[in-house]
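See below for the structure under consideration.
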Amino acid sequence: MIEVSDLSFSRSDGDNKLAILNELNLSVPAAQRLALLGDSGSGKTTLLHLLAGLVQADSGSVVVNGQNLSLLSEQELALYRRKIGLIFQHYQLLDCLTVKQNILFQHQLNFPEQSPTELNQLVSDLGLTNKLNALPHQLSGGEQQRVGIARALLNQPQVIFADEPTGNLDQQRSHQVVKLLTELCIERQINLVMVTHSHQLTDYFDQVKVLKDGRFE
Ligand SMILES: Nc1ncnc2c1ncn2[C@@H]1O[C@H](COP(=O)(O)OP(=O)(O)OP(=O)(O)O)[C@@H](O)[C@H]1O
Ligand SMILES: [Mg+2]
-14 MIEVSDLSFS
-4 RSDGDNKLAI
6 LNELNLSVPA
16 AQRLALLGDS
26 GSGKTTLLHL
36 LAGLVQADSG
46 SVVVNGQNLS
56 LLSEQELALY
66 RRKIGLIFQH
76 YQLLDCLTVK
86 QNILFQHQLN
96 FPEQSPTELN
106 QLVSDLGLTN
116 KLNALPHQLS
126 GGEQQRVGIA
136 RALLNQPQVI
146 FADEPTGNLD
156 QQRSHQVVKL
166 LTELCIERQI
176 NLVMVTHSHQ
186 LTDYFDQVKV
196 LKDGRFE
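Going by my numbering, the residue at position 153 of the sequence shown is 138; the numbering climbs one at a time, nothing skipped.
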């Protein structure tokens, strides 16, 4: 469950403060999915970064599964960040690693003492079984994003934040990827917050919020 209360964030612009997000309120019940829309520059990525504990709010709170991020120590925040799943527009795969190595890499860094429990099932669910030894440049855009999804899901996160994961895909592939991602989140009871520019993808979500100049419409 994700709860955002009166959340504000600004950046300093020389001597001035530039307000980016203004007193946002948001509640995503456990296992539900939120689509975040808004024009370029409206603050979508900034909000995702606040939810992911990558930046600190000026005021207000972000509470994820009972943890108030602004009350966590640096060490607790680092642990929180390891347990969430992140998916990006440009996939952020490592070119010199195979699909399998890309999926496992972050998990091995974060949890070197644990072996991942569900690699085979996940890879099969995402239709990547025959691609495990391929390099990223040998994959289509949709396949590369499915690798990004597998990587994010491997840690069995309770929340996933996805920043325009279909921004590089055509319409048909976008639907396939979002359908698959939302189905996996439903099956695994994962909270999903996904930024998108496409109103056509919002049917897969329980809730839709539109940001305009740092406020919800
Ligand atoms: N590092 C930064 N320093 C200063 N201003 C920034 C920085 N990052 C973002 N901004 C500003 O914050 C505002 C919100 O940016 P943000 O990246 O959250 O928008 P967005 O909704 O994700 O846009 P897009 O759809 O283009 O990705 C913009 O006005 C942007 O110029
Ligand atoms: Mg953005």
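Where is the CB? At the ideal position from N, CA and C, for every residue including glycine. It should be emphasised that the depicted structure is a prediction, and the values quoted were computed from it without experimental measurement.
Beta bridge counterpart(s) of residue i as assigned by DSSP
i      : result
ARG136 : In DSSP, ARG136 forms no bridge with anything.
LYS197 : ARG200
SER25  : None, per the DSSP bridge assignment.
GLU72  : One detail in the question is off: residue 72 reads as Ile in this sequence, not Glu. For ILE72, which the question treats as bridged, DSSP gives the partners ALA147.
ASN53  : VAL48
GLN192 : LEU19
Residue i: CB within 7 Å of a non-hydrogen atom of ligand 2
i      : result
LYS85  : no
THR151 : no
VAL163 : no
ASP148 : yes
VAL180 : yes
Residue span of the alpha helix (DSSP H) that contains residue i, given as start and end
i     : result
VAL40 : VAL40 -> no alpha helix (DSSP H), and no H or E assigned at all.
GLN91 : 84 to 95
GLU59 : 59 to 68
Residue i - containing beta strand (DSSP E), residue span
i       : result
ASN10   : 1 to 13
ASN176  : 176 to 180
PHE(-6) : -13 to -2
Cβ pair residue i, residue j closer than 8 Å
i      : j      : result
SER204 : ASP43  : In the structure displayed, the chain extends from -14 to 202; residue 204 sits before or after that span and is not available.
GLN174 : ASN50  : no
HIS34  : ASP80  : no
ALA137 : LEU111 : no
LEU71  : PHE146 : yes
Any non-hydrogen atom of ligand 1 within 7 Å of residue i CB
i       : result
ILE5    : yes
LYS29   : yes
ARG(-4) : yes
SER25   : yes
- Task: Run through the segment 109 to 164 for me and flag every whole beta strand (DSSP E) of 3 or more residues, listed as ranges in chain order.
- Result: 144 to 148
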